[in-house]
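Residue numbers (this note's numbering), protein chains in the order written: chain V, 241 to 577; chain D, 241 to 577; chain U, 241 to 577; chain S, 241 to 577. Glycine included, every Cβ here is placed at the ideal spot set by N, Cα and C. Just so we're clear, the structure is a prediction, and the values are computed from it rather than from any experiment. The next block holds one structure in the form of structure tokens; read it before the comments.
4 protein chains.
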Amino acid sequence: MLVVMRQDAGEEEVRGVIRAVEARGYKAHPIPGAQRTAIGITGNKGALEAPVFESLPGVLEVIPVTHAYKLVSREVKAESSEVAVGNVRIGGGTLVVAAGPCAVETHEQTLTIARAVKAAGAHLLRGGAFKPRTSPYSFQGLGEEGLKILAAAREETGLPVVTEAVDERALDLVEEYADAIQIGARNMQNFSLLKRAGKAKKPVILKRGISATLEELLMSAEYILSEGNYAVVLCERGVRTFSDFSRNTLDLAVVPAVKGLSHLPILVDPSHGTGRRDKVAPLSRAAAAVGADGLLVEVHHDPNRALSDGPQSITPDMFEALMGELRQIAPVIGRTL
Amino acid sequence: MLVVMRQDAGEEEVRGVIRAVEARGYKAHPIPGAQRTAIGITGNKGALEAPVFESLPGVLEVIPVTHAYKLVSREVKAESSEVAVGNVRIGGGTLVVAAGPCAVETHEQTLTIARAVKAAGAHLLRGGAFKPRTSPYSFQGLGEEGLKILAAAREETGLPVVTEAVDERALDLVEEYADAIQIGARNMQNFSLLKRAGKAKKPVILKRGISATLEELLMSAEYILSEGNYAVVLCERGVRTFSDFSRNTLDLAVVPAVKGLSHLPILVDPSHGTGRRDKVAPLSRAAAAVGADGLLVEVHHDPNRALSDGPQSITPDMFEALMGELRQIAPVIGRTL
Amino acid sequence: MLVVMRQDAGEEEVRGVIRAVEARGYKAHPIPGAQRTAIGITGNKGALEAPVFESLPGVLEVIPVTHAYKLVSREVKAESSEVAVGNVRIGGGTLVVAAGPCAVETHEQTLTIARAVKAAGAHLLRGGAFKPRTSPYSFQGLGEEGLKILAAAREETGLPVVTEAVDERALDLVEEYADAIQIGARNMQNFSLLKRAGKAKKPVILKRGISATLEELLMSAEYILSEGNYAVVLCERGVRTFSDFSRNTLDLAVVPAVKGLSHLPILVDPSHGTGRRDKVAPLSRAAAAVGADGLLVEVHHDPNRALSDGPQSITPDMFEALMGELRQIAPVIGRTL
Amino acid sequence: MLVVMRQDAGEEEVRGVIRAVEARGYKAHPIPGAQRTAIGITGNKGALEAPVFESLPGVLEVIPVTHAYKLVSREVKAESSEVAVGNVRIGGGTLVVAAGPCAVETHEQTLTIARAVKAAGAHLLRGGAFKPRTSPYSFQGLGEEGLKILAAAREETGLPVVTEAVDERALDLVEEYADAIQIGARNMQNFSLLKRAGKAKKPVILKRGISATLEELLMSAEYILSEGNYAVVLCERGVRTFSDFSRNTLDLAVVPAVKGLSHLPILVDPSHGTGRRDKVAPLSRAAAAVGADGLLVEVHHDPNRALSDGPQSITPDMFEALMGELRQIAPVIGRTL
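If you want it as structure tokens, here you go:
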């Protein structure tokens, strides 16, 4: 942490800051400059505590330095982590593709799509049984019935299942039926749910909130790891900006940023990230090329009749063509598909 | 809903859209223009369903028209609602000020602050017993112990108590001890929690998420009303932007916007909205002047030692001065303090 | 400037940074911490040069400390500046209101509006003769003819005139005819135009760009002062965010932020800041209450026929009512109207 | 354009809107719905005129439908345009890579880099002779001297030259010396400069402003085309968001969005788009994979000593490795490198 003094701050004010630092048991390192003095602080407990000094007399600003996350940090664990979802490993040499419908609607719909994505080479089946919806009047998913359908689809296709838990009750069920528990963007800072996920026996796919910083995303992952569950995969799904030609703005630079700071794998969801069918394949290619560990893609055999997010779902034919493209891009970043 | 066709869309494509509209039981109203055709749709179920038509051949874009919220809408209920928190009415002729510490730390700290804000003229006591914190290693609040302290402070000062519920377990307790249940920004789209709040016997103060649109805020309120709890107060507490001299950007235009679309009262929280002590009073004045129904202000008698959000807390002296300013501004918008 | 090393950075890497610092003639101040080392740098030339060190081996991040602006800084000049526009002083005890049409359309239109705003108590007449328009096919202003109309309106009403210069040719003319030169948001970083404005003999009103940081705004003002023109007034007119119920998001916290960092006065433009007539008066009140030195308000006697920005113009009646409200708010912040 | 009435709007208010539409010579198409009436308008002149109706009694909102750009639209010209820069064609089967230093510093520096990027397979040489800088105290480029150095580098390497014009005087010179005129992000809405570029005899590379919508970018291109210069290439270089791990957020979905709406080619600048050396290669790969027509990459043989933007410049070795990766990705989207 660095406390920057105003140019007109006097010696007494500098001493005041030093006393405040030392009163908390930390060490102060004054750095006198030509224009102003700065005071480095060591021994403190992390970035979030920093602002305390901001209101002392003579202080211009306080700059946090150390980051508060620990277990997720690459500084703590240098080698990249691999996370197993069923028999599929995310974070290793395979570009992992999870595909399936936005929402589980019927047994037939789910099986039709599961077979199609399996045939095209998908590694995981995704599909929502619990749907967080902006409106209380929208379809909210089939619940446990949907989980049973997903389990049946896994039974037939062999694809491990990824599905979202919207609250602790849902998480109990998802943990029982599925192979990975997805925490959605809206719940990225639902800390009670994160703590529950940290006690789960299944891996967790944690989506970035639509306006979460990287620090916040990593801190939310830290909640899960700090409860004992180290099997966490991050997922970029677009952030909210003024840009209006896509539903969200896919922030692909987060992938190399995560790789620098954390050992956790990271997926990209180009379906929510763009919200438009015609942009899913281009952004999927981009996500593979930028170095993501995998993709989460919505596929529907009849998207115009889908109960949820039809406009961003691609058809099985489009998915198959996309898989062909991804197979060519994967080797460029040292992966196979 | 309006479907806009491409300039080069042929008659067959226009007919295709009309058939798709009618197949869903809606009515199509073609509007032929000089450059292109648009097709109005009536009878549909709301904005969120709109994108289904976007991928039909020949369609340039689909524009949602009707809003999906109902119970919160001023179109449904023209007169402004008043919500009672204990014996204090929000949304009427009084500019209501809720003040208190960010977090309840000790009995003495809370009572000291409660007495001070009471003396300065505050109407409600605010204070957090359950704290949602970015880091798992930060102070997370005293829990039920904190609620008991708040109740004791109410006992002594007569101020009704507002406090946050971070999950359903906390909500059970908050409902028992407090006079109003606050749902924080991070939980604005925690739909399970909203539904639970909709069954509560106490009024709910719903904070806007840091990147929530007005539509989303109103839809989240709709979740609560649709479960039977009509005592909902909205609260603006800043949105996340690139702007870096305040922690969030307080979006005060939301106040007249809410007044136009909804009958619900709306508060402003200048403490979280700015994150900086020196900006709390200016933005509090601005919030009163823009027409907010009240304020939520963090006050701490020793902010540099506060366990949470010290830098954005003002001192009792600053609060008293602020109340004096607000007393002069309130009449301009037809209110008293 | 502070260079933060990675936890795993070795002594040699720390020495490498120190050598790089010293090679540039600066001084290095190593701060060894429990987890990592940071290195303070003094003697460097400012924030913008900082990133050079970011790519040295072992460096985690580089944090700029000193700000590069000088002449605009309150650290350099502690007392607030007043800027005279004709016989009106901005930045002193008067809440200055500039009002008038978005665009000068005709002699009659401008005179009608000028008389109305004068009667209601406005101090300055605003109106555009050169209009920056998103579309090449929109009305671009009357040019010099418009400036003559504004001069005629000043002649009759006595109101000094503020009008925008969109390029250097326009600035030559505006300097000749008007009392203050407005630089619009789109030109805030048109550095050639800023330099020309710095040589002008008239005061400059510099609007914040729709996504400019405060640092950038102050640096753009610095361009003008550094050429010798110290008569600069800043103006907040809304920033671009995801928020969709107003055309822009008025960022009122910039007013106390500017007051803290700079001695320059600052106005607020609630017309462009909201883009909606029904929000102009509420946000004008808020701007006065937050402590702005004045307002820039669009008024049109027949806004539905205005050639430019009709929807955000208020009528003379609405303006008169607003002036009444501002008269009540001004004393709260120690001003008169 | 669609005018949406309030639910409680009466017949007289609907008739009022219809009269207002017809008074402007347009045609009104009322669409009575179960909840409210909407009124389609045809014959009007474009989106920007739309808001005029918003303030009529009974109107809830006005929704623009047609877009105001014409010459840049794919609806007007269905086939994709190719733009020749010297002997290099942008927008055809080649993924075009422009590379070079951020700023031209010396003859030797520029020639060293030009030879290196030529050897690695770059098609165009980029380099700034006129630099728009946030601070008046930063290095602002060598001016005409820099243009002469670029011309000498072209002479030796055969690479056509792309360089920025920051104002009209600079544009005169750039037009004389260079093969393509770059308009920077800060000048995207400098309409006087755009008009001048529209009269130039050289192709124009127009960068997207840091908070420009796609509509605004296309309208700015329309300015250039409407003056007679059809050789325009767009360029995405990142938008400003809250996201803080890269200098800007590269908005790659703009590439398929532009391809849908316009016939103009589009490049991506991953150097400004990320601002960090370690993210340039990943985002370059992503830009190629998303379907961009080419890249603008900053390369410097000694980036830690660069006078401008060193931290985002990659070395010749990194550039050569990147070109190898791009050669593998280009065929996936039907291009060669």
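In the DSSP assignment, find the unbroken alpha helix (DSSP H) run with residue 558 (chain V) in it and report its ends.
556-569
In terms of alpha-carbon separation, which member of S:558, S:572 and S:539 lies closest to residue 345 (chain S)?
S:539
For residue 253 (chain S) and residue 318 (chain D), I'd like the C-alpha separation in whole angstroms.
18 Å
Please tell me whether residue 450 (chain S) has its Cβ less than 7 Å away from any Cβ of chain V.
no
If we count the other Cβ atoms within 10 Å of its Cβ and call it buried at 16 or more, is residue 441 (chain U) buried or exposed?
exposed
Can you check whether the CB of residue 510 (chain D) is closer than 7 Å to the CB of residue 523 (chain D)?
yes
Taking the runs of the alpha helix (DSSP H) that are 4 residues or longer, which of them lie wholly in the segment 384-463 of chain U?
384-397, 408-417 and 431-438
Reference residue 451 (chain V), options V:356, V:343, V:463 and V:426, closest by Cα:
V:426
Just verifying my parser: in three-state terms, what is the DSSP assignment at residue 252 (chain V)?
helix
Considering Cα atoms alone, identify which of S:490, S:505, S:403 and S:419 is closest to residue 341 (chain S).
S:403
Are the C-beta atoms of residue 228 (chain S) and some chain U residue less than 7 Å apart?
Nothing about residue 228 (chain S) can be reported from this structure: the residues present for chain S run from 241 to 577 only.
Grouping DSSP H, G and I as helix and E and B as strand, with all else coil, what is residue 473 (chain S)?
strand
Locate the beta strand (DSSP E) running through residue 269 (chain D), then write down its first and last residues.
267-272
Spell out whether any CB of chain V is found under 7 Å from the CB atom of residue 288 (chain S).
With a pLDDT of 48 at residue 288 (chain S), under the threshold of 50, the modelled position of that residue is not reliable, and the figure given next carries that caveat. Not one chain V Cβ lies under 7 Å of residue 288 (chain S).
I want to verify the contact list: residues of chain U whose CB lies under 9 Å from the CB of residue 481 (chain D), in sequence order.
451, 479, 480, 481, 482, 483, 489 and 491
Across which residues does DSSP place residue 329 (chain U) in a beta bridge pair?
U:324
Quick check on residue 525 (chain U): buried or exposed, where buried means 16 or more other Cβ atoms within 10 Å of its Cβ?
buried
Within the continuous beta strand (DSSP E) that includes residue 350 (chain U), where are the two ends?
Not the beta strand (DSSP E): residue 350 (chain U) falls in the alpha helix (DSSP H), residues 347-360.
Is residue 514 (chain S) close to chain D? Criterion is C-beta to C-beta, closer than 7 Å.
no
Of all the options D:366, D:502, D:494 and D:315, which has the alpha carbon lying nearest to the alpha carbon of residue 527 (chain D)?
D:494
Would you say residue 562 (chain U) reaches chain D, if we count a Cβ-Cβ gap shorter than 7 Å as a contact?
no
So, is the C-beta of residue 276 (chain D) closer than 7 Å to a C-beta in chain U?
no
If I follow the unbroken alpha helix (DSSP H) through residue 500 (chain D), where does it start and stop?
494-501
Residues bridged to residue 538 (chain V) (per DSSP)
V:340
Assigned secondary structure, residue 529 (chain S) (DSSP; H/G/I helix, E/B strand, else coil):
helix
DSSP bridge partner residues for residue 301 (chain V) (one or two, in chain order):
V:244
Here's the rule I'm using: 16 or more other beta-carbon atoms within 10 Å means buried, otherwise exposed. How should residue 287 (chain V) be labelled?
In this prediction, residue 287 (chain V) scores a pLDDT of 49, lower than 50, which makes its location untrustworthy; the coordinate-derived value is nonetheless stated afterwards. By the neighbour-count rule (16 or more Cβ atoms within 10 Å), residue 287 (chain V) is buried.
Using the rule of at least 16 other Cβ atoms within 10 Å of the residue's Cβ for burial, across every protein chain shown, is residue 294 (chain D) buried or exposed?
buried
Any beta carbon of chain V sitting closer than 7 Å to that of residue 426 (chain D)?
yes
With respect to the beta strand (DSSP E) encompassing residue 514 (chain V), which residues constitute its N-terminal and C-terminal limits?
Note, residue 514 (chain V): premise wrong, no beta strand (DSSP E); alpha helix (DSSP H) at 510-514.
When DSSP labels each residue in this structure, what does residue 283 (chain V) get in the three-state scheme?
coil
Could you have a look at residue 288 (chain V) and say whether DSSP puts it in helix, strand or coil?
Reliability fails at residue 288 (chain V), whose pLDDT of 48 lies under 50, so the model's placement of it is uncertain and no value is given.
For residue 439 (chain U) and residue 469 (chain U), what's the separation of their Cα atoms in angstroms?
6 Å
Say whether chain S places a C-beta atom closer than 7 Å to the C-beta of residue 553 (chain U).
no
Inter-residue CB distance, residue 504 (chain V) and residue 474 (chain V) (contact presumed, cutoff 8 Å):
5 Å
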